[in-house]
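Participant: Mind looking over this structure? Questions follow.
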Amino acid sequence: MCNAHSQTPTETASHPDPQALYRRKFLQYLGVGSVAAASGGLTSCATNPETGRRQFVGLAPSDAQLAQAAAQSWTAVKQQTPTSNDPRYTSRLKNIGNRISRGAGRSNQRWDYAVFDTDTKNAFVLPGNRVGFYKGMMDFTDNDDQIAAIMGHEVGHVAGRHAAERYSQQVAGQLAVAGGTILAGTQLGKNCDKSRTRAEYNNCVNSARRNTAYLQQALGLGFMLGVALPYGRRQELESDRLGVRYMAKSGYDPYQAVRLWEKMGAESGGSRGPEFLSTHPTPERRARELSDYITAQEKLGSRGYRSLDIPEDA
């Protein structure tokens with residue numbers, strides 16, 4: 001689900017964003033290690049056995065290190081946001097989570113579930129199999145199948161190794177932007193050596209600095225709009241498809257995932273910003289593509305749900 005109703009992640013004192021906390025903890029934990037590993041990691045790709053696609057994860061630390069960084073964020077969220085002890089929520093979520101983990105072939109792994117006692121309509125997953133649901137999200141759903149759709153989606157992020165992929169991409173993007181900026185700044189600065197007077201030289205240097213700063217902003221924006229955001233949307237669509245695969249294998253109705261996103265779209269009332277500025281596809285698109293995907297997979301019978309068939313124009 002992961003920021004299903006917000007265009008960009010937010011963090012407040014009362015409702016901290018676990019993903020934002022994790023990113024901060026991760027970057028503090030990672031430090032300069034990724035830069036040191038960049039020379040070998042930039043060419044490192046691996047085939048994900050769950051999705052069958054090649055993914056760039058060469059700049060990410062191990063899964064254990066990712067989980068260690070996430071554990072601090074998980075603790076922080078629990079300290080800052082009240083959790084529910086109501087078994088109508090906690091037991092229900094755990095039972096659905098156990099079924100989905102079996103459907104995903106991950107029942108042998110340890111899973112940690114928490115229900116946060118706020119009206120926020122969201123859910124999230126952190127490395128180390130930590131799944132958080134806000135009470136408002138559970139109240140928003142119509143049945144267990146729709147909760148299973150969200151749970152399947154979050155497990156899909158784990159199976160897709162999306163955290164490792166995101167951080168490898170983030171570090172690579174930062175290195176590319178920094179490298180391009182340094183190269184351009186060096187070239188612009190060389191022109192100043194031709195200056196005839198000190199005043200002319202100073203003006204040239206100041207102009208070179210301004211143009212270098214503009215270029216850095218442009219490169220950063222280009223990376224965000226051209227790489228990071230489209231990739232984020234593809235990960236969401238991939239998790240949607242993995243989620244309904246796990247639903248089907250767990251005995252839930254996959255079409256309830258479609259109903260859930262239709263309901264999400266109806267509630268937002270088209271108030272969201274343009275999709276190309278978001279990390280997530282619109283609810284309407286997710287409902288439409290999931291409906292087409294589920295229909296196509298069910299026609300295949302026992303051969304269904306093997307291919308994810310993610311669209312290229314995410």
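Per UniProt numbering, the sequence shown starts with residue 1, numbered consecutively.
Every residue, glycine too, gets a C-beta built ideally from N, C-alpha and C.
The model shown is predicted, which means the values in this text are computed figures rather than measured ones.
Just reading off the beta strand (DSSP E) that C192 is part of, what are its end residues?
Facilitator: Where C192 is concerned, there is no enclosing beta strand (DSSP E), given that its DSSP letter is neither H nor E.
Participant: Given that a residue counts as buried once 16 or more other Cβ atoms are within 10 Å of its Cβ, and exposed if not, what is I182?
Facilitator: exposed
Participant: Do you know how far the Cα of Y167 is from the Cα of G189?
Facilitator: Between G189 and Y167, the C-alpha separation is close to 32 Å.
Participant: A218 lies in the alpha helix (DSSP H); which residues open and close that run?
Facilitator: 198–223
Participant: Since Q174 and Y231 should fall inside the 8 Å C-beta cutoff, what is the C-beta to C-beta distance between them, to a whole number of angstroms?
Facilitator: Q174 to Y231, Cβ: 15 Å. No contact.
Participant: Based on DSSP bridge pairs, tell me the residues matched to P113.
Facilitator: Residue identity check: residue 113 is Tyr in the sequence provided, not Pro. Per DSSP, V131.
Participant: What does the Cβ neighbour count give for S39, buried or exposed, with the cut at 16 atoms within 10 Å?
Facilitator: With a pLDDT of 44 at S39, under the threshold of 50, the modelled position of that residue is not reliable, and the figure given next carries that caveat. Exposed.
Participant: Runs of 4 residues minimum, wholly inside the region 230–302: which ones carry the alpha helix (DSSP H) assignment?
Facilitator: 255–268, 283–299
Participant: Over the uninterrupted alpha helix (DSSP H) stretch that includes V155, give me the two end residues.
Facilitator: 144–159
Participant: First and last residue of the alpha helix (DSSP H) that includes T90?
Facilitator: Counting along the chain, the alpha helix (DSSP H) containing T90 begins and ends at 87–103.
Participant: Ignore the nearest five residues each way along the sequence and tell me which others in R106's own chain have a CB closer than 6 Å to its CB.
Facilitator: Contacts found: none.
Participant: Taking a contact to mean a Cβ-Cβ separation below 8 Å, would you say V131 touches G97 in this structure?
Facilitator: Closer than 8 Å, so yes.
Participant: Using 8 Å for Cβ pairs, my map puts R241 next to Y293. What's the rounded Cβ distance?
Facilitator: About 6 Å separates the beta carbon of R241 from that of Y293, a gap short enough to meet the 8 Å contact definition.
Participant: For a quick check, are the C-beta atoms of E165 and V125 less than 8 Å apart?
Facilitator: no
Participant: Does A228 come out as helix, strand or coil in the three-state DSSP assignment?
Facilitator: helix
Participant: What residues in its chain sit with their C-beta under 7 Å from that of G301, if we drop five residues either side in the sequence?
Facilitator: So no residue of the chain qualifies.
Participant: Leaving aside the five residues before and after D144 along the sequence, list all residues of the same chain whose C-beta is less than 8 Å from its C-beta, in chain order.
Facilitator: Correct list, in chain order: R92, I96, Y252.
Participant: Is the separation between the beta-carbon of W261 and that of R245 shorter than 8 Å?
Facilitator: No, the Cβ-Cβ distance between W261 and R245 is not below 8 Å.
Participant: Of the choices K135, R110, A213, A104, whose alpha-carbon is the least far from that of D119?
Facilitator: K135
Participant: For the candidate residues T141, T282, G180, whose alpha-carbon lies nearest to that of G273?
Facilitator: T282
Participant: For V115 and S73, what's the separation of their Cα atoms in angstroms?
Facilitator: 15 Å
Participant: Within 10 angstroms of the Cβ of Q55, are there 16 or more other Cβ atoms? Answer buried if so, exposed if not.
Facilitator: So Q55 ends up on the buried side.
Participant: How would you write the range of the alpha helix (DSSP H) that V77 sits in, first residue to last?
Facilitator: 63–80 is the span of the alpha helix (DSSP H), which, as asked, contains V77.
Participant: Could you name the residues of the same chain whose beta carbon sits closer than 7 Å to that of D139, not counting the 5 residues immediately before and after it, in chain order?
Facilitator: none
Participant: With a cut-off of 8 Å on the beta carbons, I'd call I310 and E238 a contact; round off their distance for me.
Facilitator: Contact check for I310 and E238: beta-carbon distance about 5 Å, within the 8 Å limit, so the pair qualifies.
Participant: Roughly how many whole angstroms lie between the Cα atoms of R110 and S307?
Facilitator: In this structure, the straight-line span from the alpha carbon of R110 to that of S307 is close to 27 Å.
Participant: Suppose you measure from the CA of residue 326 to the CA of G243; what does that come to, to the nearest Å?
Facilitator: The shown model of the chain, from 1 to 314, leaves out residue 326, and the question about it has no answer.
Participant: What's the call for R234, buried or exposed, on a 16-neighbour Cβ count within 10 Å?
Facilitator: Buried.
Participant: Could you tell me the alpha carbon to alpha carbon distance between A123 and G156, rounded to whole angstroms?
Facilitator: A direct Cα-Cα distance of roughly 13 Å separates A123 from G156.
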